[in-house]
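One structure is given here, and the rest of the page talks about it.
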Amino acid sequence: MAAKGKDGREKNRRGAVITWVIIALIYVGVFVAEQLLPPTSMLFTVLKKGATYALVAVSMNLLNGFTGIFSLGQAGFMLIGAYVFAIFTIPVEVRGSVYQYFDGGLVQFTLPVPVAMVLSGLAAAFFAFLIGLPVLRLKSDYLAIATLGFAEIIRAIFQWNQLGPVTNGSNMLRLFPKFNDFNITDAQGNVIVYLSTLVPFLITGLCIGLIVLLLHSGYGRALRAIRDDEIAAEAMGINLAHHKQLAFCISSFFAGVGGAMLAMYQTTVQAKSFTTAMTYEILLIVVIGGIGSVTGSVLSSFLFVACSEWWLRFLDEQQVIGDFQVPLLRNGFRLVVFSIIIMVVVLFFRRGIMGTRELPDLFRPRRKEAALK
Amino acid sequence: MSETVLQIEHLTMQFGGVVAVYDLSMEIRQGEIIALIGPNGAGKTTAFNCVTGVYEPTNGQVIFQGETIARSHPYGKMRKIYAGSEADAYLNGSVRLSPDRITRLGIARTFQNIRLFSGMTVFENVLTAMHLRRRSNFFTAALHLNRAEEKAMQQRAAELLEVVGLTDVSGELATSLPYGKQRLLEIARALATEPKLLLLDEPAAGMNPQETEELSAFICRIKEHFNLSIFVIEHHMNLVMAISDRIYVIDFGKLIAEGTPAEIQNNPAVIEAYLGGGEE
Numbered sequence: 031m032a033a034k035g036k037d038g039r040e041k042n043r044r045g046a047v048i049t050w051v052i053i054a055l056i057y058v059g060v061f062v063a064e065q066l067l068p069p070t071s072m073l074f075t076v077l078k079k080g081a082t083y084a085l086v087a088v089s090m091n092l093l094n095g096f097t098g099i100f101s102l103g104q105a106g107f108m109l110i111g112a113y114v115f116a117i118f119t120i121p122v123e124v125r126g127s128v129y130q131y132f133d134g135g136l137v138q139f140t141l142p143v144p145v146a147m148v149l150s151g152l153a154a155a156f157f158a159f160l161i162g163l164p165v166l167r168l169k170s171d172y173l174a175i176a177t178l179g180f181a182e183i184i185r186a187i188f189q190w191n192q193l194g195p196v197t198n199g200s201n202m203l204r205l206f207p208k209f210n211d212f213n214i215t216d217a218q219g220n221v222i223v224y225l226s227t228l229v230p231f232l233i234t235g236l237c238i239g240l241i242v243l244l245l246h247s248g249y250g251r252a253l254r255a256i257r258d259d260e261i262a263a264e265a266m267g268i269n270l271a272h273h274k275q276l277a278f279c280i281s282s283f284f285a286g287v288g289g290a291m292l293a294m295y296q297t298t299v300q301a302k303s304f305t306t307a308m309t310y311e312i313l314l315i316v317v318i319g320g321i322g323s324v325t326g327s328v329l330s331s332f333l334f335v336a337c338s339e340w341w342l343r344f345l346d347e348q349q350v351i352g353d354f355q356v357p358l359l360r361n362g363f364r365l366v367v368f369s370i371i372i373m374v375v376v377l378f379f380r381r382g383i384m385g386t387r388e389l390p391d392l393f394r395p396r397r398k399e400a401a402l403k
Numbered sequence: 000m001s002e003t004v005l006q007i008e009h010l011t012m013q014f015g016g017v018v019a020v021y022d023l024s025m026e027i028r029q030g031e032i033i034a035l036i037g038p039n040g041a042g043k044t045t046a047f048n049c050v051t052g053v054y055e056p057t058n059g060q061v062i063f064q065g066e067t068i069a070r071s072h073p074y075g076k077m078r079k080i081y082a083g084s085e086a087d088a089y090l091n092g093s094v095r096l097s098p099d100r101i102t103r104l105g106i107a108r109t110f111q112n113i114r115l116f117s118g119m120t121v122f123e124n125v126l127t128a129m130h131l132r133r134r135s136n137f138f139t140a141a142l143h144l145n146r147a148e149e150k151a152m153q154q155r156a157a158e159l160l161e162v163v164g165l166t167d168v169s170g171e172l173a174t175s176l177p178y179g180k181q182r183l184l185e186i187a188r189a190l191a192t193e194p195k196l197l198l199l200d201e202p203a204a205g206m207n208p209q210e211t212e213e214l215s216a217f218i219c220r221i222k223e224h225f226n227l228s229i230f231v232i233e234h235h236m237n238l239v240m241a242i243s244d245r246i247y248v249i250d251f252g253k254l255i256a257e258g259t260p261a262e263i264q265n266n267p268a269v270i271e272a273y274l275g276g277g278e279e
């Protein structure tokens, strides 16, 4: 007899336990790998960037997959997050060299990293609130265009020379803390414990955990109701404007935190790198992972980053097997193959890798099995 | 006479040149079951949509338990046409509450073409409709600190499903249910918002005679159980005649008759609207 909870759903205890075990194993695995493998290994680059993208992809999924708001402003909110983080964490003593054209800039204090990260999220959420007031009245593709435009405008504004004392104009911000600074070193500067990959994993895990909690709360149900049927949701007393605004701000908050992580990953921040293409990359991750699946977004961001940064790199170089020189392989060929892979995935996994399933669902006892018990 | 729950006064809804509802006035009192009938396209659902705030009426007002939930009047030269002699009585200032506010005041509805939350289970559908009565704020809810409230909500959802007889399918996906059960689920979901007035838009559509009979008993039962007033649009005359206290008949947007089931059955205007007039 399958245990039936009060809510009528069969409680998937097995799935929940296995999920927690898998998550714990991943964290232990990351920690151990980091101590054993050389820190220059490509694996860690992929893991760090993958963790960053996973957070942003999940935040985008919260909007596109769970609330049904098709927004393409993610790069803009990441930019805000990255800049806020960088501006407030550059050590005072090096500000002179970073803001060399602006007399050391306006901000002359430094915030601790966690505070700066929360602040970058809040800044992104604040901008989302402002932009959401007019824009969220729009539907589907119009909303997408409006948010895309917002991201472009933000990118231009942050490069504006007049804002130079704060944003350093179109020059890059650098010398702020990066992932490698999380490593614990002894007095001589030798690393004792490597944490530069584990910390981004922990940040992403914490943020995604919060998003998952939200999705499973009454508010999460309300958001899904809006996605499924706006008219019915409104007739059931759900305030559309309020809930959409809420989802938009929360999504942007985590995109902002993701932006701060991207800043730490890249070690420099420059507005011109937060292009529309970055939003599309994240959209692609969400679609490939499955619109409406947190697990899917996380999985596919790591796959995406691994493919684009690591596994397909060999396609960009001339390869010689024995005397045979493999044709076609040259700089840029990787992108061709990559595009083909994406097309194949989209054609054969119409609903993404995971569809709308989550990790625990994979370990749910099969229906027949459950019926027999 | 018991108190008036819903009062519709001179309601007119015009879409461009089409007048879907014209000068409809009606009244629903506490504990009554009122039916609104009429041929296809008579404007019944439009009237519903005006009451629930989906449409902003062209003219007229709707009062629910003493509170004006919709009041509107046209501007310019149209005003004179609509306002007539009562121009000063209520035509100043318009009120428009959004559908969610109206639901919060205590009017719940079902839809003619079923609108369930397709991605959710039966149980979640009911649970979602309780969201509007929550007392926890966003942060306690999102961090799952409102265990007691959530538990109470789940318990009430289970009770509601028990009442409508859907307990055994509560874990199924809502859209996988057979048609008749989807209609029951819509009613359960509407009840979850703790309404005082329930609007049912063709609840028996697509049901066979036996299911329809069960539905009439069911509607009377929930009326007693939840102390409701019910406003129903329906085509099945058996159902309408069996449950209604009073019936309003509209044709081409105009009210052509009102009265008890017996009066309506013998009303020549109603018979003409439904069967067509003689061929003079």
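Going down the list, the protein sequences come from chains A and B. The numbering of the first sequence is my numbering, which starts it at 31 and goes up by one. The numbering of the second sequence is my numbering, which starts it at 0 and goes up by one. All C-beta atoms, glycine included, are put in the ideal place defined by N, C-alpha and C. These numbers come from a predicted model, not from an experiment.
Item                                                                                                                    : Value
At least three beta-carbon pairs within less than 8 Å, the stretch 300-320 of chain A to the stretch 167-185 of chain A : yes
Pair within 8 Å by beta-carbon distance, Gly205 (chain B) and Tyr178 (chain B)                                          : yes
Option in A:Cys337, A:Phe354, A:Asn361 and A:Gly98 with minimal Cα separation from Glu347 (chain A)                     : A:Asn361
First through last residue of the beta strand (DSSP E) which encompasses Arg28 (chain B)                                : Val17 to Arg28
Nearest-angstrom Cα separation, counted from Leu198 (chain B) out to Thr67 (chain B)                                    : 18 Å
Cα-Cα separation, Asn39 (chain B) to Leu160 (chain A)                                                                   : 46 Å
For His246 (chain A), three-class secondary structure by DSSP                                                           : coil
Residue of B:Met236, B:Ala187 and B:Glu210 minimising C-alpha distance to Ala222 (chain B)                              : In the sequence as displayed, the identity of residue 222 (chain B) is Lys instead of Ala. Ranking the options by Cα distance to Lys222 (chain B), first place goes to B:Ala187.
Element boundaries [alpha helix (DSSP H), containing Arg245 (chain B)]                                                  : Looking at the DSSP string, Arg245 (chain B) is not in any alpha helix (DSSP H); the run it does join, the beta strand (DSSP E), is Arg245 to Asp250.
According to DSSP, residues forming a beta bridge with Gln13 (chain B)                                                  : B:Val18
Proximity winner among A:Asp171, A:Gly151 and A:Ala176, relative to Leu163 (chain A) (alpha-carbon distances)           : A:Ala176
8 Å Cβ cutoff, Ile351 (chain A) in contact with chain B                                                                 : no
Under 7 Å by beta carbon: chain A residues contacting Arg283 (chain B)                                                  : The requested residue 283 (chain B) does not occur in the structure, where chain B is confined to residues 0 to 279.
Per DSSP, the bridge partner or partners of Leu197 (chain B)                                                            : B:Ala107 and B:Ile229
Chain B within 8 Å of Ile268 (chain A), Cβ atoms only                                                                   : yes
Below-8 Å beta-carbon distance, Asp391 (chain A) vs any chain B residue                                                 : no
Beta-carbon proximity check, Ile241 (chain A) vs Leu92 (chain A), cutoff 8 Å                                            : yes
Terminal residues of the beta strand (DSSP E) in which Ala46 (chain B) lies                                             : Note, Ala46 (chain B): premise wrong, no beta strand (DSSP E); alpha helix (DSSP H) at Lys43 to Val50.
Limits of the unbroken beta strand (DSSP E) element including Asn58 (chain B)                                           : Asn58 to Phe63
Straight-line gap, Ala400 (chain A) to Ala46 (chain B) (C-alpha atoms, nearest Å)                                       : Annotation note: pLDDT 48 at Ala400 (chain A) (below 50); position unreliable, coordinate value reported separately. Their backbone Cα atoms lie some 48 Å apart in a straight line.
CA nearest to the CA of Gln296 (chain A), picked from A:Ile52, A:Val76, A:Trp50 and A:Ser369                            : A:Val76
Reduced DSSP category for Thr67 (chain B) - H, G, I as helix; E, B as strand; rest coil                                 : strand
Where Leu102 (chain A) sits in the DSSP three-state scheme                                                              : coil
Below-8 Å beta-carbon distance, Phe283 (chain A) vs any chain B residue                                                 : no
For Pro267 (chain B) and Leu276 (chain A), the rounded distance between their alpha carbons                             : 56 Å
Exposure of Gly239 (chain A), with buried meaning 16 or more beta-carbon neighbours within 10 Å                         : exposed
Reference Val4 (chain B), options B:Val121, B:Met129 and B:Leu196, closest by Cα                                        : B:Leu196
Sequence-distant residues of its chain with Cβ nearer than 6 Å to Glu27 (chain A) (five each side left out)             : Since the displayed chain A opens at 31 and closes at 403, residue 27 (chain A) lies outside it and no answer follows.
Within chain A, partners of Phe137 (chain B) - CB distance below 8 Å                                                    : Tyr249 and Leu276
CA-to-CA distance, His273 (chain A) to Glu148 (chain B), given in whole angstroms                                       : 20 Å
Under 8 Å by beta carbon: chain A residues contacting Phe116 (chain B)                                                  : Arg254, Ala255, Asp258, Asp259, Ala262 and Ala263
Residues in the stretch 219-251 of chain A having any Cβ partner in chain B nearer than 7 Å                             : Leu243, Leu244, Ser247, Gly248, Tyr249 and Arg251
Of the listed residues A:Leu73, A:Phe283 and A:Ala252, nearest to Thr234 (chain A) (C-alpha basis)                      : A:Phe283
Phe110 (chain B) vs Ser169 (chain B) beta-carbon contact at 8 Å                                                         : no
Contained alpha helix (DSSP H) runs [length at least 4] in the stretch 207-271 of chain A, N- to C-terminal order       : 228-245, 248-258 and 260-265
Residue of B:Gln6, B:Ala241, B:Cys219 and B:Leu160 minimising C-alpha distance to Ala191 (chain B)                      : B:Leu160
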